[in-house]
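Participant: Okay, so the sequence shown: first residue is 0 according to numbering that gives the first Met the number 0, each after it adds one.
Every residue, glycine too, gets a C-beta built ideally from N, C-alpha and C.
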Amino acid sequence: MPRGDKSSYTNKQKRKAEHIEEGYEKRGVSEKESERRAWATVNKETGGGNKSGSGRGVKDTNVAAKKGGRIGGPRGGEAAASRPAAARSRSAKKAAATRKRKVAARSSARKTARSGTRKTARPGARKTARRK
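Here it is in structure tokens:
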């Protein structure tokens, strides 16, 4: 099989590569480079051609399809940036107070849970310590 032969790829892999390639071309990437990137993405997600017997049943990953960088994509935060600084500051203070309140509630819940379990679990431990 010559290098670059795509016969071992499934129809779904070929469709996926075509779709990815079109996306790159829309963004202004050259045809040759977009094809190279598309097949690299398909190989990363599916582990290469899947038609041979040993490759069947291998789960695909979605690593390459996940959005990187900041949450919301490259334009994330536009809505917040258009709000006045006072409103953003108010929101930040409110969020900080909520986090502080929740942390305090969690730590007090842990303390009560810990003190409650010790009373029931410790008596047997004390007896064994005395026997030694």
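Roughly how many whole angstroms lie between the Cα atoms of T97 and S107?
Facilitator: Going by the C-alpha atoms only, they are around 16 Å apart.
Participant: Assuming E77 contacts N61 under a Cβ cut-off of 8 Å, what Cβ separation, rounded to an integer in Å, is found between them?
Facilitator: Incorrect: roughly 27 Å between the Cβ atoms, too far for contact.
Participant: Where do the ends of the alpha helix (DSSP H) carrying S33 lie?
Facilitator: Segment E30 to T45, the alpha helix (DSSP H) holding S33.
Participant: Between the alpha carbons of R14 and K110, how many angstroms are there, rounded?
Facilitator: In a straight line, the C-alpha of R14 is about 56 Å away from that of K110.
Participant: By the 10 Å Cβ neighbour count, where 16 or more other Cβ atoms means buried, how is A95 classified, buried or exposed?
Facilitator: When all chains shown are included, A95 counts as exposed.
Participant: Classify E20: buried if its beta carbon has 16 or more other beta carbons within 10 angstroms, exposed otherwise.
Facilitator: Its Cβ being crowded by 16 or more others within 10 Å, E20 is buried.
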